[in-house]
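Each position in the sequence shown, counted from 1, maps to that position plus 22 in this note's numbering. Backbone N, C-alpha and C fix where the C-beta goes; we use that ideal spot for every residue, glycine too. It should be emphasised that the depicted structure is a prediction, and the values quoted were computed from it without experimental measurement. Below: one structure, written as structure tokens.
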Amino acid sequence: MKKTLLILLIGIFTLSLSACVQTSSTTTTTTSETTTTTTTTTTTTTSVSTLPSYSVSNVAAYSTNSSQMFSSNGLYISELNPDALATVMIQADPLDLYQTFYGTGAAMTYSSAYVITQSPDKDEIMEYLFSESGLHIQLLRLTVGASDFVTSEVGHYTYDDTPGNIADTSLTYFSLEKDQIIIDLLQQALQINPDITFIAAPWSAPAWMKINKSLNGGSLKTEYYNAYSDYLIRYLQEMEALGIHIKYLSLQNEPYYGPWDYPGMTWTIDTTKIFIRDYLGPKLVSNSLTTQIMIWDHNPVDSNGNLTDYPVRVLRDTDATAFIGAIGVHCYSGDEQDMKDFLDYLHENNPEKEVFMTECTAVTTYTNLESNMEWSIRRMYLSAYNHYASGTTYWNLALDPNGTTHLGGCSNCTGLVSIPLGGASGYTLEADGVVTGHFSKDIPSGSRRIGVRVNNTSVLVTGFLTPDNKVVLVIFNDGNARTVAVRIGSDAFNITLPKSSLTTIHLQIQL
Numbered sequence: 023m024k025k026t027l028l029i030l031l032i033g034i035f036t037l038s039l040s041a042c043v044q045t046s047s048t049t050t051t052t053t054s055e056t057t058t059t060t061t062t063t064t065t066t067t068t069s070v071s072t073l074p075s076y077s078v079s080n081v082a083a084y085s086t087n088s089s090q091m092f093s094s095n096g097l098y099i100s101e102l103n104p105d106a107l108a109t110v111m112i113q114a115d116p117l118d119l120y121q122t123f124y125g126t127g128a129a130m131t132y133s134s135a136y137v138i139t140q141s142p143d144k145d146e147i148m149e150y151l152f153s154e155s156g157l158h159i160q161l162l163r164l165t166v167g168a169s170d171f172v173t174s175e176v177g178h179y180t181y182d183d184t185p186g187n188i189a190d191t192s193l194t195y196f197s198l199e200k201d202q203i204i205i206d207l208l209q210q211a212l213q214i215n216p217d218i219t220f221i222a223a224p225w226s227a228p229a230w231m232k233i234n235k236s237l238n239g240g241s242l243k244t245e246y247y248n249a250y251s252d253y254l255i256r257y258l259q260e261m262e263a264l265g266i267h268i269k270y271l272s273l274q275n276e277p278y279y280g281p282w283d284y285p286g287m288t289w290t291i292d293t294t295k296i297f298i299r300d301y302l303g304p305k306l307v308s309n310s311l312t313t314q315i316m317i318w319d320h321n322p323v324d325s326n327g328n329l330t331d332y333p334v335r336v337l338r339d340t341d342a343t344a345f346i347g348a349i350g351v352h353c354y355s356g357d358e359q360d361m362k363d364f365l366d367y368l369h370e371n372n373p374e375k376e377v378f379m380t381e382c383t384a385v386t387t388y389t390n391l392e393s394n395m396e397w398s399i400r401r402m403y404l405s406a407y408n409h410y411a412s413g414t415t416y417w418n419l420a421l422d423p424n425g426t427t428h429l430g431g432c433s434n435c436t437g438l439v440s441i442p443l444g445g446a447s448g449y450t451l452e453a454d455g456v457v458t459g460h461f462s463k464d465i466p467s468g469s470r471r472i473g474v475r476v477n478n479t480s481v482l483v484t485g486f487l488t489p490d491n492k493v494v495l496v497i498f499n500d501g502n503a504r505t506v507a508v509r510i511g512s513d514a515f516n517i518t519l520p521k522s523s524l525t526t527i528h529l530q531i532q533l
């Protein structure tokens, strides 16, 4: 799908059941594995039973699989009929409200900013990624300093690297200069979509603050807890002055992993509690910053297949908890059931904390669109939202087609879009970008997940009520084409879902 196909995506043909129809684009997902299980919406609800009754109008849908993309081909939507029946039944209740949705997107890494900036189509790519007529990305993750996704020319860095690793507790050397390529694109993105939510995560403290005097691996010296909290506060303040408000600051990307070939830093449960409770949290308050802390930002299970208790145990410290607003989750360990169990475990213990799926990626090794979609749908999207996640960011926003723009770490990751190097024009939508689109275009930030039930384990579905009273259902059909009945209140209709497809249905309700 080259640039020309992506432009066609914007003018998707949709089917309507009455009056005017609304057009959208949309999503599909990422990575390399196939599994099967159930998808439904259950458990603790904050149903609002006092809302008035409603009726349905303007039903439209589009679908993606290996033979079509964001297309209405083969959907065959019936007229509204309260008696519509099918073997597979989907029941959606827009008055049964759950968590707030913040959007979908990816990380604007240094590598992502580089491949976008060097393209002659930079402005067109940015419009496609962030505008309402494109993917309409609403959630962006940032790296605080370098990750593995930097160019070899710039190398690994933090914002206070010093000659000879001399201590700099006054942060005299602090500078965001190396992030300028990222900052320029973030400011352009905000001009296109001012409502982007930002999450930021550090990979490492400056080497002079660490036990091993290296950006790679190691941990923070206790004597530099105060200086490191000042460093993070300085980052938030300078980004805020540039018009980039960080809603959530993760304490650490993957705190249980200390990589040897790119920046990283380990934390224990106890050091996490101490640093948040006694240093970073109070300084957020004293500096009048509204940013909340995110913890964990790592996988659901450990190397032995056990659910990690790190975030729950950190949150048992009531003084630290006051500064913590969210938990981040990655996709790189466990299976679909592990992910659902972990998300339920987090919600049962701390229902007041928001949960974000903060990192996952497809890789160039796997090219089957439907398998990639299913992997993400089952771990990072439909199943995650039905188990209280509030948004999803994939790893890189953009990369070169072979995933070679990195320094250490992943050598075959893909972005939402692939952009050729060397000044060549064009860009290609990858599987992760397709999934992102099925959610990001039609489900705006501030929507609420709604109760949805389905009676077939091969049909996975989640649903949302938007602020302007649209209901959006996203359905993955795992198997042959099938007709399902969708019931919303007293209204119902049949729709034929294409084989192995991701389908977005959107409709208007009148309250």
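(message) Given a cut-off of 8 Å on the beta-carbon distance, is the pair leucine 419 and serine 134 in contact?
(response) For leucine 419 and serine 134, yes; Cβs fall inside 8 Å.
(request) Taking aspartate 331 and glycine 431 to be in contact with their CB atoms under 8 Å, please state how far apart those CB atoms are, rounded to whole angstroms. (result) Wrong, their Cβ atoms sit about 27 Å apart, outside the cutoff.
(message) Which runs of the beta strand (DSSP E) at least 3 residues long sit entirely within the stretch 487-526? Give them in chain order.
(response) Residue ranges of uninterrupted beta strand (DSSP E) with 3 or more members, entirely inside the stretch 487-526 and ordered along the chain, are 492-499, 504-510, 513-519.
(message) Within 8 Å, do at least three Cβ pairs link the stretch 439-449 to the stretch 87-95?
(response) no
(message) Just to confirm before moving on: does the CB-CB distance between threonine 173 and threonine 427 stay below 8 Å?
(response) Yes, the pair counts as a contact, with Cβ atoms nearer than the cut-off.
(request) Please determine, among Ser141, Met231, Asn234, the residue with the shortest C-alpha to C-alpha distance to leucine 207. (result) Ser141
(message) Here's the rule: buried if 16 or more other CB atoms are within 10 angstroms of the residue's CB, otherwise exposed. What is glutamine 213?
(response) exposed
(message) With three or more C-beta pairs closer than 8 Å as the rule, is the stretch 514-532 touching the stretch 481-493?
(response) yes
(message) If contact is defined by three or more beta carbon pairs under 8 Å, each pair taking one atom from either stretch, is the stretch 317-329 in contact with the stretch 349-365?
(response) yes
(message) Could you tell me which whole alpha helix (DSSP H) segments of length 4 or greater appear in the stretch 350-418?
(response) 358-371, 391-401, 404-407
(message) Contact defined as beta carbons within less than 8 Å: I believe valine 457 pairs with tyrosine 449. What is the distance between those atoms, to the nearest angstrom?
(response) About 17 Å; that fails the 8 Å criterion.
(request) Return the residue from the list Ser512, Val481, Ile497, Phe498 that minimises the CA-CA distance to valine 110. (result) Val481
(request) Taking only the alpha-carbon atoms, compute the straight-line gap between serine 85 and serine 523 and give it to the nearest angstrom. (result) 6 Å
(request) Assign cysteine 42 to buried or exposed, taking buried as 16 or more other Cβ atoms, counted over all protein chains shown, within 10 Å of its Cβ. (result) At cysteine 42 the pLDDT is 31, less than 50, meaning the model places this residue with poor confidence and gives no usable figure here.
(message) Among Ser462, Ser433, Lys232, whose alpha-carbon lies nearest the alpha-carbon of alanine 594?
(response) As shown, the chain starts at 23 and ends at 533. That puts residue 594 outside it, with no answer to give.
(message) Let me make sure I understand the geometry here. Which of Phe461, Glu358, Asp182, Leu365 has the alpha-carbon closest to that of isoleucine 159?
(response) It is Phe461.
(message) With a threshold of 7 Å on Cβ separation, who are the neighbours of tyrosine 179 within its own chain once the five nearest residues in sequence on each side are excluded?
(response) Within the same chain, tyrosine 179 has close Cβ partners Gly167, Ala168, Lys200.
(request) Compute the Euclidean distance between the alpha carbons of asparagine 328 and alanine 82, then round it to the nearest angstrom. (result) 42 Å
(request) Quick one: grab the DSSP three-state call for alanine 128. (result) strand
(message) Suppose you measure from the CA of aspartate 182 to the CA of asparagine 478; what does that come to, to the nearest Å?
(response) 55 Å
(message) Considering only DSSP beta bridges, list what serine 153 is partnered with.
(response) DSSP, once it has assigned bridges, lists no residue as partnering serine 153.
(message) For a test of the three-state rule: what should DSSP assign to tryptophan 318, helix, strand or coil?
(response) strand
(message) Please return the same chain residues whose Cβ sits closer than 7 Å to the Cβ of tyrosine 407, not counting the five positions on each side in sequence.
(response) Arg471, Thr484
(request) Within the same chain, show all residues whose beta-carbon is closer than 6 Å to that of glutamate 381, passing over the 5 residues directly before and after it, in chain order. (result) Taken in chain order, the residues that qualify are His352, Trp417.
(request) Give a yes or no on whether the C-beta atoms belonging to tryptophan 289 and leucine 273 are separated by under 8 Å. (result) yes
(request) Output the residue ranges of the alpha helix (DSSP H) runs that lie fully inside the stretch 442-468 and measure 4 residues or longer, sorted by chain position. (result) 453-462
(message) Tell me which residues share the same chain as threonine 309 and place their Cβ nearer than 6 Å to its Cβ, disregarding the 5 neighbours each side in the sequence.
(response) Going by the sequence as given, residue 309 is asparagine instead of threonine. Around asparagine 309: Ile255.
(request) Report the residue from Ala114, Asp454, Ser236, Gln210 whose alpha carbon sits nearest the alpha carbon of threonine 389. (result) Asp454
(request) Hey, could you find the ends of the alpha helix (DSSP H) isoleucine 203 is sitting in? (result) 202-214
(message) Let me check understanding here. Comparing Cα to Cα, which of Asp363, Asn87, Ile112, Ser89 lies closest to valine 476?
(response) Ile112
(request) Specify the secondary structure class of aspartate 341 as computed by DSSP and reduced to three states. (result) helix
(request) Taking only the alpha-carbon atoms, compute the straight-line gap between phenylalanine 364 and isoleucine 349 and give it to the nearest angstrom. (result) 11 Å
(request) Could you check if leucine 533 is buried or exposed, using at least 16 other CB atoms within 10 Å of its CB as the buried criterion? (result) Exposed is the call here.
(request) Could you say which of Met287, Asp190, Ile291, Ile266 lies nearest to asparagine 234 if we only look at CA atoms? (result) Met287
(message) Distance check for valine 494 and isoleucine 99, CA to CA, integer angstroms please.
(response) 15 Å
(request) Starting from the Cα of tyrosine 124, find the closest Cα among Asn326, Met379, Leu311, Leu264 and give me that residue. (result) Met379
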